[in-house]
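Chemist: Take this structure first; my questions come after.
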Amino acid sequence: MKYFQPELETMSAADRRALQSERLVSTVKYVYERQKPYREKMDAIKLRPSDIKGIEDIWKLPYTQKSDLRNSYPFGMMAATRKELVRLHASSATTGKLTVSGYTKHDIDVWADCAARSLVMAGADEESIVHVCYGYGLFTGGLGMHYGAEKLGAIAVPASAGNTQRQLQLLADFGADIICCTPSYAIYLIEEMEKAGLKPGRDIKLKGGCFGAEAWTEEMRAEIERRLGIRACDIYGLSEISGPGVSGDCEYKTGMHFQDDHYFPEIVDTETLEPLPMGERGELVITTLDRTGMPLIRYRTRDIAALDDTPCPCGRTTIRMKRITGRSDDMLIIRGVNVFPSQIESILLKDPYVQPHYHINVDRVNNLDTLEIVVELSPDAMSDTMSEIEAIRSRLSAEMASGISVTAKITLVSPGTIERSEGKSKRITDRRKIK
Amino acid sequence: MINQIAVFLENRKGRIGDCCEVLKHAGVNLCSMSIADTTDFGILRMMTDDNDKALFYLKAAGFMCAAVPLVAMQVPDKPGALADILIALDKAGVNIDYLYSFAGAGENAHIGFKTNEPQKAEKVLTEAGVKII
Ligand SMILES: [Zn+2]
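If you read the protein sequences in the order shown, they are chains A and B.
For the working numbering, count along the first sequence from 1 and bump the result up by 654.
For the working numbering, count along the second sequence from 1 and bump the result up by 329.
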């Protein structure tokens, strides 16, 4: 199977532009009627829906930020009624609150189409067995790829995350040809596979995979492709927009095909927010063109990327997006989970035994992300018994696990040990080599 | 009761040395030292000839420390003496968090221990005829 939806994936530039224009015009009318935050934003700059006549007018529209979603928690950004909505997903926002995303039946359908396009690019077809070991839950990875696989007509195996031995057993027994997981988990699986004496090609029948939800490198791609003997495609998405499948690599890996009949990308300068010329790196901004549950206009993703409109040998005519190379905020992605230093800080602030002087160390050991929080004890927390200090540490560790959903190693140090710095970014040491 | 100083040590190389260095410059003599540690941090417990001065200088040097009182006793120098005392304390329901010996005058062993019931402990010791310091 070459394309999942050939008529949409390979349409001419003029047709694509006409479709984008038509969809943007109706989306702007729709959000003005149905989403109070957008009506207010547009009224504030005296922009009427009728001022938007086509995709070329998109720059006139106001931006949407994660804080807009947070401030309208949980349902203030929904454009659809409860009757029309069929699903909610969520991801973490800075202050411990969640960013909620609402989907109608139509939105789930469009998202599944996009995920299916990515699966086909990775080599899947109607006869494929798609092993999904992203987590199933509020996180969009698992359900997103699952619906994509079913939409394609393939067989979805909802293995979800964890329990590596069982993953290997399922892979070997069911003979999945396509796998979806984070790239670091893929490498971990390969290592466990080798330990268990399972040989790719003989015991493991994989031929392609969609790997995303965290930053990775060309070196990691080469390693996964070589050791598994598969085609390893990058896949991008975010729950605010839909989920995995917003863009994805084709077999030529010339940059991820951005499904711009549904999601329109722009690259803007992180400081001035001015649109940047084609090919330049900046912040990725996305507008949903036909979403009905929770349309977003010019949503600032905070991901740093670049666009490419040169032709791709695969014949798809979408714009493409180069690998994400960073963030314009201080969000960390640890084992696929979004973690903001401010979440860590607010947990530390609540504990009277430690001070909010901390340093965050992120590393990748045996291909798994590790998080260490080095924090100063408060001067009056001094105790002469080990058990009391140990209790401070284990309590913090439990609070982190429930507050940020990631296990952190807590290291306690004496007051005054951690260098006082102005910028928050200096509080983070990320030793993972991604760029 | 006597005072000891407890110092928090994150497991960084040379931290105990730094601590002793501070005391040396302050002109404070160490009488005893005991360390409890895990792989990540430790607590150095010690007695000095001038605990107030030691605390002052250690705090000034950025160490996290506190004075913590111990019940201290002179244990007769004969077999089983310490065992008898500990059994008596245990029977009376006195829990000992930790104990260690320290240098004192004469032939007898000096032992200090931490308990959350010092009055009760001292009563047991007095009844057993043990000399309290
Ligand atoms: Zn292509």
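Glycine included, every Cβ here is placed at the ideal spot set by N, Cα and C.
Cutting at 8 Å between CB atoms, please list the residues of its own chain near LEU387 of chain B, excluding the five before and the five after it.
Modeler: ILE334, VAL336, CYS348, VAL351, LEU352, CYS394, listed in sequence order.
Chemist: By a C-beta neighbour count over all protein chains shown, 10 Å radius and 16 as the cutoff for buried, is ARG1074 of chain A buried or exposed?
Modeler: Label assigned to ARG1074 of chain A: exposed.
Chemist: Could you check the C-alpha separation between PRO1069 of chain A and ARG1047 of chain A for me, to the nearest Å?
Modeler: Their backbone Cα atoms lie some 15 Å apart in a straight line.
Chemist: Who pairs with PRO854 of chain A in a beta bridge, going by DSSP?
Modeler: Partner(s): A:ILE858.
Chemist: Looking at the secondary structure, which residues open and close the beta strand (DSSP E) in which GLY364 of chain B lies?
Modeler: With the sequence shown as reference, residue 364 of chain B is identified as Ile, and Gly is not the correct amino acid for it. Run containing ILE364 of chain B: 359 to 366, per the beta strand (DSSP E) assignment.
Chemist: Of all Cβ atoms in chain C, is any one closer than 8 Å to the Cβ of LEU1002 of chain A?
Modeler: Within the model displayed, chain C is absent; protein chains A and B are what it includes.
Chemist: For ligand 1, is there a heavy atom less than 7 Å away from the beta-carbon of THR908 of chain A?
Modeler: THR908 of chain A: yes, Cβ under 7 Å from ligand 1.
Chemist: Could you say if the region 826 to 841 of chain A and the region 852 to 871 of chain A meet the contact criterion of at least three C-beta pairs nearer than 8 Å?
Modeler: Yes: at least three Cβ pairs fall under 8 Å.
Chemist: Where does the unbroken beta strand (DSSP E) through SER704 of chain A begin, and where does it stop?
Modeler: Run containing SER704 of chain A: none; DSSP gives neither H nor E here.
Chemist: DSSP on LYS683 of chain A, reduced to helix/strand/coil?
Modeler: In the structure shown, LYS683 of chain A sits in a helix (DSSP, three-state: H, G or I).
Chemist: With a 10 Å radius around its C-beta and 16 neighbouring C-beta atoms as the bar for buried, classify GLN448 of chain B as buried or exposed.
Modeler: GLN448 of chain B is exposed by the Cβ-count criterion.
Chemist: Starting from the C-beta of ARG771 of chain A, find all residues in its chain whose C-beta is less than 6 Å away, skip the five residues before and the five after it, and write them out in chain order.
Modeler: Excluding sequence neighbours, ARG771 of chain A sits near PHE658.
Chemist: Pairing CB atoms from the region 1050 to 1066 of chain A with CB atoms from the region 983 to 1002 of chain A, are three or more of them under 8 Å?
Modeler: Yes: the two stretches touch, three or more of their Cβ pairs being nearer than 8 Å.
Chemist: So which of B:ARG374, B:ALA457, B:TYR429, B:LYS382 has the shortest CA-CA distance to LYS420 of chain B?
Modeler: When each option's Cα is compared against that of LYS420 of chain B, the closest is B:ALA457.
Chemist: Quick check: what's the CA-CA separation for ARG952 of chain A versus TYR717 of chain A?
Modeler: Distance between the alpha carbons of ARG952 of chain A and TYR717 of chain A: 5 Å.
Chemist: Would you call GLY902 of chain A buried or exposed, if buried means 16 or more other Cβ atoms sit within 10 Å of its Cβ?
Modeler: The residue is buried, with at least 16 neighbouring Cβ atoms inside 10 Å.
Chemist: Under three-state DSSP, which class holds LYS1089 of chain A?
Modeler: Because the pLDDT at LYS1089 of chain A is just 47, under 50, the model does not fix this residue reliably, and the value given afterwards should be weighed accordingly. Coil, per DSSP.
Chemist: Can the beta-carbon of TYR622 of chain A be found less than 8 Å from the beta-carbon of ASN1021 of chain A?
Modeler: Because chain A spans 655 through 1089 in this model, residue 622 of chain A falls outside it and cannot be assessed.
Chemist: Specify the secondary structure class of LYS452 of chain B as computed by DSSP and reduced to three states.
Modeler: DSSP places LYS452 of chain B in helix when its eight states are reduced to three.
Chemist: Taking the runs of the alpha helix (DSSP H) that are 4 residues or longer, which of them lie wholly in the region 731 to 817 of chain A?
Modeler: Entirely contained in the region 731 to 817 of chain A, the alpha helix (DSSP H) runs reaching 4 residues are, in chain order, 759 to 775, 794 to 806.
Chemist: LYS1089 of chain A to PRO691 of chain A, Cα distance in whole Å?
Modeler: For LYS1089 of chain A, the pLDDT reaches just 47, beneath the cut-off of 50, and the residue's location in the model is therefore unreliable, leaving the point undetermined.
Chemist: Give a single yes or no on whether CYS787 of chain A has its beta carbon closer than 7 Å to a heavy atom of ligand 1.
Modeler: False, no ligand heavy atom lies under 7 Å from that Cβ.
Chemist: Inspect the beta-carbon positions of MET985 of chain A and GLU905 of chain A and report whether they are closer than 8 Å.
Modeler: Not closer than 8 Å, so no.
Chemist: For ASP1017 of chain A, which residues in chain B fall below 7 Å Cβ to Cβ?
Modeler: Within 7 Å Cβ-Cβ: nothing; ASP1017 of chain A doesn't reach chain B, min ~16 Å.
Chemist: Give every residue of the same chain whose Cβ lies closer than 6 Å to the Cβ of SER893 of chain A, excluding the five residues on either side of it in the sequence, and list them in chain order.
Modeler: Within the same chain, SER893 of chain A has close Cβ partners HIS743, SER745, SER755, THR794.
Chemist: Can you find a heavy atom of ligand 1 that lies under 7 Å from the Cβ of CYS966 of chain A?
Modeler: Yes; taking the cut-off as 7 Å, the Cβ of CYS966 of chain A has a heavy atom of ligand 1 nearer than that.
Chemist: At a Cβ cut of 9 Å, what residues of the region 350 to 372 of chain B count as close to chain A, listed as they run along the chain?
Modeler: Listed in sequence order: ALA365, ASP366, THR367, ASP369, PHE370, GLY371, ILE372.
Chemist: Would DSSP call ASN725 of chain A helix, strand or coil?
Modeler: In the structure shown, ASN725 of chain A sits in a helix (DSSP, three-state: H, G or I).
Chemist: Quick check: what's the CA-CA separation for THR946 of chain A versus GLN689 of chain A?
Modeler: Cα-Cα distance, rounded: 11 Å.
Chemist: From ARG820 of chain A to GLU872 of chain A, what distance separates their C-alpha atoms?
Modeler: Spanning the two alpha carbons is a distance of roughly 29 Å.
Chemist: Can you have a look at ASN992 of chain A and say buried or exposed, based on whether 16 or more other CB atoms are within 10 angstroms of its CB?
Modeler: It is buried - the Cβ of ASN992 of chain A has at least 16 other Cβ atoms within 10 Å.
Chemist: Given a cut-off of 8 Å on the beta-carbon distance, is the pair ASP888 of chain A and MET874 of chain A in contact?
Modeler: Taking 8 Å as the Cβ cut-off, ASP888 of chain A and MET874 of chain A do not qualify as a contacting pair.
Chemist: Thinking C-alpha only, which one of A:ALA826, A:GLU845, A:SER721 is nearest THR955 of chain A?
Modeler: Nearest of A:ALA826, A:GLU845, A:SER721 to THR955 of chain A, Cα basis: A:SER721.
Chemist: Quick one: which chain B residues come within Cβ less than 7 Å of SER1068 of chain A?
Modeler: Result: PHE337, GLU339, GLY391, PHE392, MET393.
Chemist: How about HIS916 of chain A: is its Cβ closer than 7 Å to a heavy atom in ligand 1?
Modeler: Not under cutoff, so the answer is no.
Chemist: For ASP957 of chain A, does the three-state DSSP call read helix, strand or coil?
Modeler: In the structure shown, ASP957 of chain A sits in a strand (DSSP, three-state: E or B).
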